[in-house]
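Following my numbering, the numbering of the sequence shown begins with -9 at its first residue and continues without gaps. Please read the structure below before turning to the comments.
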Amino acid sequence: MNWWLAGAALLVAGGLGPCLWGAATGGTGRRMTAQNTATLLLCLVFLLLAQGYERPAYTDLALVVSVLGPAGTLVFVRLFETAPGPASTTSRLLGPLVSVATVATVVPLCVATGPGRAMAKLIVIGVLLLAGGAVTTRAVRGG
């Protein structure tokens, strides 16, 4: 086991579990916030697994999740547009979480990968995650 796999295991155990619990319980706003956070964490787990197992196919999965995840959140917000209500503490922390987690994962992966096509793909995924996080955070808050 290397550090990339340990980081992926930490994200799965410490992040996806609470996200699944939040998506299964609570109000609509909490569920949408948990779903959006789970999408981000899943994408970051795929990136870490791609580096840990040296399998570039996992990076393609992360690219797909980084495009479809925010779109799914926007569909949920549209379906439940009257329900989110006031911004909760978790929805206020979503924007900084997306930014910090994305940068903290993508930058070390870019350094480890080195210049080339794989690094360009990582940068595209990072930009998609940051842009999708900004849009969905605003939508989940009701703005």
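Glycine included, each C-beta is placed from N, C-alpha and C at the ideal position.
About 23 Å separates the beta carbon of Lys111 from that of Thr27, a gap too long to meet the 8 Å contact definition. Straight through space, the alpha carbons of Pro105 and Ser56 are spaced by roughly 22 Å. Leu119 and Ala52 have their alpha carbons spaced roughly 10 Å apart. Secondary structure note for Pro8: its alpha helix (DSSP H) is the uninterrupted segment Gly7 to Ala14.
Going by C-alpha positions, Arg128 is about 17 Å away from Val90. For Phe36, the enclosing alpha helix (DSSP H) starts and ends at Thr18 to Tyr43.
One Cα belongs to Ala(-2), the other to Met22, and the distance between them is close to 23 Å.
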